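J.: Following this message is one structure expressed as structure tokens.
Residue numbers (the numbering used here): 64 to 137.
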């Protein structure tokens, strides 16, 4: 059951990253990808650690969806 939930969370996270790239929210999408990769590397080696990393990344993705990062204007 937890593998199913992990797959759904990961799919939702990757779909939101693709949506952000498609709608020119590059800073938001890059922050999502960095969070996903960093958390996955941090918890590398254990399945429960990867599950925690996937859920944490999905929560970060939802947060960034509603509060996108602001890039400095040059």
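Using N, Cα and C, we set each Cβ at its ideal position, and we do this for glycine too.
Predicted, not measured: the structure shown is a model, and the values here were computed from it.
Expressed to the nearest angstrom, what Euclidean distance is found between the alpha-carbon atoms of residue 126 and residue 64?
T.: As a first step, residue 126 must be located in the chain shown, where it is residue number 63. As a first step, residue 64 must be located in the chain shown, where it is residue number 1. Near 25 Å, if we compare the C-alpha coordinates of residue 64 and residue 126.
J.: Exposed or buried, which one is residue 111 when buried takes at least 16 other CB atoms within 10 Å?
T.: Position 48 of the chain shown holds residue 111. With fewer than 16 Cβ atoms within 10 Å of its Cβ, residue 111 is classed as exposed.
J.: Only counting the same chain, and skipping five residues up and downstream in sequence, which positions put a Cβ closer than 8 Å to that of residue 132?
T.: By one-based count along the chain shown, residue 132 stands at place 69. Closer than 8 Å at Cβ, skipping near neighbours: 90, 91 and 94.
J.: Spatial neighbours of residue 115 within its chain, please: CB distance less than 7 Å, with the 5 preceding and 5 following residues excluded, ordered by chain position.
T.: Locating residue 115 in the chain shown gives position 52, where the first residue counts as 1. Correct list, in chain order: 106.
J.: Since residue 76 and residue 120 are thought to touch, with beta carbons under 8 Å apart, how far apart are those beta carbons, to the nearest angstrom?
T.: Locating residue 76 in the chain shown gives position 13, counting from the first residue. Locating residue 120 in the chain shown gives position 57, counting from the first residue. Yes, they are in contact, since the Cβ atoms of residue 76 and residue 120 sit about 6 Å apart, within 8 Å.
J.: Once the 5 residues before and after residue 79 are set aside, which same chain residues still bring their CB inside 6 Å of it?
T.: Stepping through the chain shown from its first residue, residue 79 is reached at position 16. Annotation for residue 79: 124 place their beta carbon closer than 6 Å to its own, counting only its chain and skipping 5 residues before and after.
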